Amino acid sequence: MNYGVIDVGSNTVRLCVYDVSADGKKFKTILNRKSMAGLAAYVSDGVLTDEGIEVAAECVKKCLKRASYLKPVRVDVFATAVLRNIDNSEQAIAAIEDRADCTIALLSEEDEAHLGFVGASSKDALANGVLVDIGGGSSEVTLIADSKDVMRASLPLGSLSSYRRYVSDIMPTEDEFAAIQGEVHALLEADAHGMAEYRVRRLFGVGGSIRALAQVNAHLGGGASDKDMTHDDVHRLVEDIFERRRAFLDAVLHIAPERVHTIACGLAILTELFDDFDAESLHVCSNGVREGYLVDRILESGL
Numbered sequence: 001m002n003y004g005v006i007d008v009g010s011n012t013v014r015l016c017v018y019d020v021s022a023d024g025k026k027f028k029t030i031l032n033r034k035s036m037a038g039l040a041a042y043v044s045d046g047v048l049t050d051e052g053i054e055v056a057a058e059c060v061k062k063c064l065k066r067a068s069y070l071k072p073v074r075v076d077v078f079a080t081a082v083l084r085n086i087d088n089s090e091q092a093i094a095a096i097e098d099r100a101d102c103t104i105a106l107l108s109e110e111d112e113a114h115l116g117f118v119g120a121s122s123k124d125a126l127a128n129g130v131l132v133d134i135g136g137g138s139s140e141v142t143l144i145a146d147s148k149d150v151m152r153a154s155l156p157l158g159s160l161s162s163y164r165r166y167v168s169d170i171m172p173t174e175d176e177f178a179a180i181q182g183e184v185h186a187l188l189e190a191d192a193h194g195m196a197e198y199r200v201r202r203l204f205g206v207g208g209s210i211r212a213l214a215q216v217n218a219h220l221g222g223g224a225s226d227k228d229m230t231h232d233d234v235h236r237l238v239e240d241i242f243e244r245r246r247a248f249l250d251a252v253l254h255i256a257p258e259r260v261h262t263i264a265c266g267l268a269i270l271t272e273l274f275d276d277f278d279a280e281s282l283h284v285c286s287n288g289v290r291e292g293y294l295v296d297r298i299l300e301s302g303l
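For the sequence shown, position 263 (counting from the first letter as 1) is numbered 263 according to UniProt numbering, and the numbering increases by one without interruption.
Below is the structure:
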């Protein structure tokens, strides 16, 4: 049986279709396609513009049509920070739903962090550490203890929103990079749950920004693992941005050209989290929030 999930994000609208076993306990991805919608660019004075609503609706419609070719049992659409953090959230979602003829589930910060953990846990063993998901509009940070997500913080700063807020050109200057790091530190310190007090040896990463950074690290590191990075690796990438910029850009254009303007911002967020949690290493998880939605909202709800 096939099931589809459409993720409406700040930078992309992505469709995943999964082949699920009859008992609902196993699944594999049979289609993974994205549209570069760049919805965050259509937010003006805290409001998603009519043009942005139209772009979102068209992307969702295309995803629904593409999914239909695989005859899924159902297709769910969810949205995260880009529609959660705007002033006209309710109206924008209703308009997109009407134009795309669908229903959109708006994930709360807690939902997004928890589903990221559920998805990551479906493929990788997570024991103790911090799970990091750097999205386009926000970064979800989840404390894991004894294989359970025990504390969550949503930082309203992602790779795309930090680019729009701080960067004046394609790549950040050293001052702009430091400004992004400074905001991450301040947001973590201000978290009401006290997340900043914890220290862990290991981070776990989900999402496109972290996957791309690991692949760039492997490319520049001469065949290093694209699933694991150390504290030294991420700080060497920072050096690459400012001291070997052409090599860094060439690697990004080879690995993930659509992220050429946001990947350094994602790195600024990641390095600050490495430092704030005093972490030594990061493991890139295979699954994330979309798989978490499939498991928690579709499969565990009785299909």
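Glycine included, each C-beta is placed from N, C-alpha and C at the ideal position. The model shown is predicted, which means the values in this text are computed figures rather than measured ones.
Inset, instruction - Just tell me which of ASP276, ASP111 and GLY221 has its CA closest to the CA of ASP233. - result: As a working mapping, residue 233 is identified with position 233 in the sequence shown. Ranking the options by Cα distance to ASP233, first place goes to GLY221.
Legend entry - Reference VAL184, options SER21, VAL118, LEU294 and SER138, closest by Cα: Mapped onto the sequence shown, residue 184 falls at position 184. Answer by Cα proximity: SER138.
Inset, instruction - Scan the region 202-286 and note each continuous beta strand (DSSP E) run of 3 residues or more that stays entirely inside, going in chain order. - result: Inside the region 202-286, DSSP marks whole beta strand (DSSP E) runs of 3 or more residues at positions 202-206, 228-230 and 281-284, from first to last along the chain.
Legend entry - ARG164, DSSP secondary structure in three states: Sequence index remark: in the sequence shown, residue 164 carries index 164 (1-based). Looking at ARG164 - three-state DSSP - the assignment turns out to be helix.
Inset, instruction - Leaving out five residues on either side along the sequence, give the residues of the same chain with a beta carbon under 7 angstroms from the beta carbon of residue 305. - result: Not covered by the structure: residue 305. The range shown for the chain is 1 to 303.
Inset, instruction - Please work out which residues of its chain come closer than 8 angstroms, Cβ to Cβ, to PHE117, disregarding the five sequence neighbours upstream and downstream, and give them in chain order. - result: For the purposes of this step, residue 117 is taken as the residue at position 117 of the sequence shown. Same-chain partners within the cutoff: LEU126, LEU131, THR142, ILE144, ASP149 and GLY292.
Legend entry - 3 or more residues per run - each beta strand (DSSP E) lying fully within the region 82-146: You should have 104-106, 129-134 and 139-145.
Inset, instruction - State the start and end residues of the unbroken beta strand (DSSP E) segment that holds SER35. - result: As a working note, residue 35 is residue 35 in the sequence shown. Element bounds for SER35: 27-35.
Legend entry - Selection from SER147, ALA279, PHE242 and CYS63 that minimises the alpha carbon distance to residue 326: In the structure displayed, the chain extends from 1 to 303; residue 326 sits before or after that span and is not available.
Inset, instruction - Just confirm the distance between the C-beta atoms of LEU106 and LEU155, as a whole number of angstroms; I'd bet it's less than 8 angstroms. - result: Counting from one through the sequence shown, the residue named residue 106 turns up at place 106. Counting from one through the sequence shown, the residue named residue 155 turns up at place 155. About 19 angstroms; that fails the 8 angstroms criterion.
Inset, instruction - Rounded to whole angstroms, what's the CA-CA distance from VAL47 to ALA81? Just pull it up for me. - result: Position 47 of the sequence shown holds residue 47. Position 81 of the sequence shown holds residue 81. In a straight line, the C-alpha of VAL47 is about 13 angstroms away from that of ALA81.
Inset, instruction - Tell me whether THR271 is buried or exposed, calling it buried when 16 or more other Cβ atoms sit within 10 Å of its Cβ. - result: Numbered from 1 along the sequence shown, position 271 holds the residue referred to as residue 271. It is buried - the Cβ of THR271 has at least 16 other Cβ atoms within 10 Å.
Inset, instruction - Identify whether SER68 lies in helix, strand or coil by the three-state DSSP scheme. - result: Counting from one through the sequence shown, the residue named residue 68 turns up at place 68. Of the three classes helix, strand and coil, the one that applies to SER68 here is helix, per DSSP.
Inset, instruction - Taking only beta-carbon positions, decide if LEU39 is within less than 8 angstroms of chain D. - result: In the structure shown, chain D does not exist; there is a single protein chain.
Legend entry - Residues near PRO172 in its chain [Cβ-Cβ closer than 6 angstroms; skip 5 each side]: Mapped onto the sequence shown, residue 172 falls at position 172. Excluding sequence neighbours, PRO172 sits near ALA264.
Legend entry - DSSP three-state assignment for ASP191, whether helix, strand or coil: On the sequence shown, position 191 is the one that residue 191 refers to. DSSP places ASP191 in coil when its eight states are reduced to three.
Legend entry - Where ILE53 sits in the DSSP three-state scheme: Taking the sequence shown and counting its residues from 1, the one referred to as residue 53 is at position 53. Three-state DSSP puts ILE53 in a helix.
Legend entry - Buried or exposed by the 16-neighbour rule on C-beta atoms within 10 Å, applied to ASP45: If you number the sequence shown from 1, residue 45 lands on position 45. Under a 10 Å Cβ-count criterion, ASP45 is classified as exposed, with fewer than 16 other Cβ atoms of the shown protein chains found around its own Cβ.
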